[in-house]
Amino acid sequence: MMWGHLKAADFINLIEGNELPVKRQAHLRSCARCTEAFVSAQNLHSKLAVSALSDDELPEPDWFQFRADVRNFMLSRAAQRQSKGFSRPGWTGWTSWLTRPAMSWGLAVAFTAGLSAGLLVWNHPAVQPDQSSAAVENDANANSSSQIANLDAGTSSDAADDAAVEPAAMNSSFRAWSQFGVFEEVSQLNDKQAEKLQRLLEADIEQTPARQ
Amino acid sequence: MESSLALPVPMASEQTEADINLVERYLAGDMTAFDELMIRYERQIYRVCYRFVNNRDDAMDLAQEVFIKAFEHLSSFRRESSMKTWLYRIAMNHCINHVKKNAREFVEISETIGSTSSSIQSEMEDREQREHFRILVKRLPPKQKAILEMRINEQLSYEEIASMSGRSISTIKASVFFALEKLRKLVKEPKQRTAGS
Chain B
3 MMWGHLKAAD
13 FINLIEGNEL
23 PVKRQAHLRS
33 CARCTEAFVS
43 AQNLHSKLAV
53 SALSDDELPE
63 PDWFQFRADV
73 RNFMLSRAAQ
83 RQSKGFSRPG
93 WTGWTSWLTR
103 PAMSWGLAVA
113 FTAGLSAGLL
123 VWNHPAVQPD
133 QSSAAVENDA
143 NANSSSQIAN
153 LDAGTSSDAA
163 DDAAVEPAAM
173 NSSFRAWSQF
183 GVFEEVSQLN
193 DKQAEKLQRL
203 LEADIEQTPA
213 RQ
Chain U
62 MESSLALPVP
72 MASEQTEADI
82 NLVERYLAGD
92 MTAFDELMIR
102 YERQIYRVCY
112 RFVNNRDDAM
122 DLAQEVFIKA
132 FEHLSSFRRE
142 SSMKTWLYRI
152 AMNHCINHVK
162 KNAREFVEIS
172 ETIGSTSSSI
182 QSEMEDREQR
192 EHFRILVKRL
202 PPKQKAILEM
212 RINEQLSYEE
222 IASMSGRSIS
232 TIKASVFFAL
242 EKLRKLVKEP
252 KQRTAGS
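Top line first, the protein sequences correspond to chains B and U. Letter 57 of the first sequence, counting from 1, is numbered 59 in this note's numbering, and no numbers are missing. Letter 123 of the second sequence, counting from 1, is numbered 184 in this note's numbering, and no numbers are missing.
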């Protein structure tokens with residue numbers, strides 16, 4: 003609407019019988035556009051009032067039924083609420099826990115800690131025995147292993163031959179034999195072989211201080 | 062059948078006090094207050110709903126839903142406005158939502174009561190014109206239509222409508238004027254088009 007013309011609220015005030023300020027009344031008298039708008043709006047306003055449905059024209063419902071329906075609905079809803087007990091709706095579903103911040107934080111921390119621990123265990127090398135004692139043990143095992151192998155093969159070899167065995171060969175033979183393998187082999191020896199093994203070991207023990 | 066729809070409405074101040082008393086009784090568990098509150102406002106709410114849907118069954122459903130909403134939220138009624146204004150606000154919003162939701166599938170079913178065997182020609186014409194005008198009013202945007210209904214048919218004051226809709230009085234007055242302007246354009250349209258749409 004252009005500057006100076008009546009506003010929408012002015013038209014309504016005018017239609018409903020309220021007085022306008024003098025300046026606006028003067029404008030209305032001089033402005034054909036505003037006059038036309040006012041006459042048109044007033045005409046429609048009165049038509050609207052007349053065309054409204056009168057109370058006689060409204061179909062009368064059964065008010066007892068109307069009230070009973072509302073009351074029954076309210077009662078059934080109240081019963082539903084009671085049957086649900088005192089459980090709060092937000093706490094019933096297990097998924098609702100995930101949405102709770104404290105629970106979410108707790109789960110996140112637990113998950114991170116678990117993941118870190120898992121990675122640590124996965125990447126950590128197996129516990130290594132002391133280097134010097136391991137070397138001695140390897141040495142002894144290698145000797146005994148090769149000697150047992152010789153016994154199995156039926157060859158008679160003495161401690162001097164064993165001493166000449168290369169350390170690399172001893173290591174490889176040690177790797178090939180697990181400790182349980184040695185005990186198994188020893189347990190399967192006959193008396194003669196066991197006696198020979200004992201002698202070899204005794205000789206080896208005697209030589210050990212000399213080697214060191 | 063109970064008393065007609067044209068039941069005289071009690072004075073505003075008496076009404077407000079009595080309403081607050083009823084609300085407090087209902088909240089305290091007195092179910093007779095429930096019925097009393099319904100009796101006071103059922104016709105008015107039904108009438109508002111009827112004007113939106115022009116159909117008794119739909120109007121009854123809407124009015125019942127309005128009361129259910131109201132009773133469920135009665136504890137949040139802050140007594141700043143009157144019970145009547147509060148209920149009208151719920152009804153107005155509910156009807157606007159209903160009209161918006163059912164805008165595409167809306168089928169007008171007129172259920173006006175009265176003598177259909179009238180022999181007076183002018184009365185028939187007059188009635189036809191009024192019917193045509195009601196159809197035009199239905200074509201207004203739901204919010205404008207609601208404001209127009211509240212002002213012209215329910216004769217609520219601009220203050221009451223403003224408090225119901227959360228707008229200023231001048232905005233409500235402007236809405237009424239723009240609704241009238243829109244009606245003027247609709248009246249100028251050919252009758253067939255308006256009836257068919």
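Here a beta-carbon is modelled for each residue, glycine too, at the ideal position from N, C-alpha and C.
- Lys234 of chain U is classed as buried because its beta carbon has at least 16 other beta carbons within 10 Å across all chains shown.
- Identification of chain B residues near Ala235 of chain U by a Cβ-Cβ cut-off of 7 Å yields Ala10, Ala11, ordered along the chain.
- Annotation: Cβ neighbours of Tyr107 of chain U in chain B (cutoff 7 Å, chain order): Pro63.
- U:Ser142 is the residue among U:Arg188, U:Val198, U:Phe194, U:Ser142 whose C-alpha sits nearest the C-alpha of Ser226 of chain U.
- Secondary structure of Ala196 of chain B (DSSP, three-state): helix.
- Around the beta carbon of Pro103 of chain B, fewer than 16 other beta carbons sit within 10 angstroms, so the residue counts as exposed.
- Between the C-alpha atoms of Ser42 of chain B and Ile230 of chain U there is a straight-line separation of about 22 Å.
- Here Gln44 of chain B carries a helix assignment [DSSP, helix/strand/coil].
- Scanning the stretch 115–163 of chain U for uninterrupted alpha helix (DSSP H) segments of 4 residues or longer gives 117–133, 144–162, listed from N- to C-terminal end.
- Collapsing the DSSP output to three states places Gly108 of chain B in a helix.
- Taken in chain order, the complete alpha helix (DSSP H) segments of 4 or more residues contained in the stretch 180–212 of chain U are 182–199, 203–209.
- Annotation for Ser218 of chain U: no alpha helix (DSSP H) segment contains it, and DSSP assigns it neither H nor E.
- Listed along chain B, the residues sitting closer than 8 Å to Glu103 of chain U by beta-carbon distance are Trp65, Phe68, Arg69.
- Selection U:Arg140, U:Phe138, U:Arg108 evaluated against Ala120 of chain U yields U:Arg108 as nearest (Cα-Cα).
- Of the residues assessed, His155 of chain U falls on the buried side of the cut-off, its CB having 16 or more other CB atoms within 10 angstroms.
- The alpha-carbon separation between Arg140 of chain U and Ile81 of chain U amounts to approximately 7 Å.
- Secondary structure of Gly116 of chain B (DSSP, three-state): helix.
- Sorting U:Lys204, U:Met99, U:Leu241 by C-alpha distance to the C-alpha of Lys130 of chain U places U:Met99 at the top.
- Out of U:Val160, U:Ile196, U:Met153, the CA that lies nearest to the CA of Glu215 of chain U is found in U:Met153.
- Contact of Phe40 of chain B with chain U is not assigned, every C-beta pair being separated by 8 Å or more.
- For His29 of chain B, the enclosing alpha helix (DSSP H) stretches over residues 24–32.
- Taking 8 Å as the threshold, the shortest C-beta distance from Ile129 of chain U to chain B falls below it.
- Nearest Cα to Arg73 of chain B within the set U:Ala94, U:Asn116, U:Asp118: U:Ala94.
- Annotated as distal: Leu201 of chain U and Lys161 of chain U, with beta-carbon spacing of 8 Å or more.
- Phe239 of chain U reaches chain B at Ala10, counting residues in chain order whose Cβ is nearer than 9 Å.
- Within 10 angstroms of the beta-carbon of Gln125 of chain U lie 16 or more other beta-carbons, which makes it buried.
- Taking 8 Å as the threshold, the shortest C-beta distance from Arg73 of chain B to chain U falls below it.
- Of the residues assessed, Pro63 of chain B falls on the buried side of the cut-off, its CB having 16 or more other CB atoms within 10 angstroms.
- One alpha carbon belongs to Ser32 of chain B, the other to Asp12 of chain B, and they sit about 16 Å apart.
- The beta carbon of Asp96 of chain U sits closer than 8 Å to some beta carbon of chain B.
- Taking the Cα positions, Leu55 of chain B is about 13 Å away from Leu209 of chain U.
- Apart from sequence neighbours up to five positions away, the residues of its chain that approach His7 of chain B with a beta-carbon distance below 8 Å are His29, Cys33, Arg35, Cys36, ordered along the chain.
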